[in-house]
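Offset between the sequence shown (1-based) and our numbering: plus 155. All C-beta atoms, glycine included, are put in the ideal place defined by N, C-alpha and C. See below for the structure under consideration.
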Amino acid sequence: MKKQMKKAAKNSGEMSFWKEERGDIGVKQIAGTVAVIVIIGLVITAVQGNLSEWIDQIWTLFIEQIEKFTK
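In structure tokens, the structure reads:
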């Protein structure tokens, strides 16, 4: 019975949609690309919120180091 159901599903195209990778772009490649775009978006959002604070800290560190060397 299971074999008949698998064969019917295969013939109808349900299983072949997920298993076949014809052409240049498949479902898995699209899903992977979307996941990478989402991760990059999250990283940019996290960095953007803290960027001014990080620049401020680095600037202060450099100024302090320069002052130490010139004393």
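field: Nearest-angstrom Cα separation, counted from G196 out to V189
entry: Mapped onto the sequence shown, residue 189 falls at position 34. Mapped onto the sequence shown, residue 196 falls at position 41. Taking the straight line joining both Cα atoms gives about 11 Å.
Range covered by the alpha helix (DSSP H) that runs through K226: Your numbering for residue 226 matches position 71 in the sequence shown. Segment: none, K226 is in no alpha helix (DSSP H) and carries neither H nor E.
- request: Output the distance between the C-alpha atoms of V202 and V193, rounded to the nearest integer angstrom.
  value: Within the sequence shown, residue 202 is the residue found at index 47, counting from 1. Within the sequence shown, residue 193 is the residue found at index 38, counting from 1. Rounded to whole angstroms, V202 to V193 spans 14 Å at the Cα level.
query: G196 by DSSP, collapsed to three states: which one?
result: In the sequence shown, counting from the first residue as 1, residue 196 sits at position 41. Residue state, collapsed to three classes: helix.
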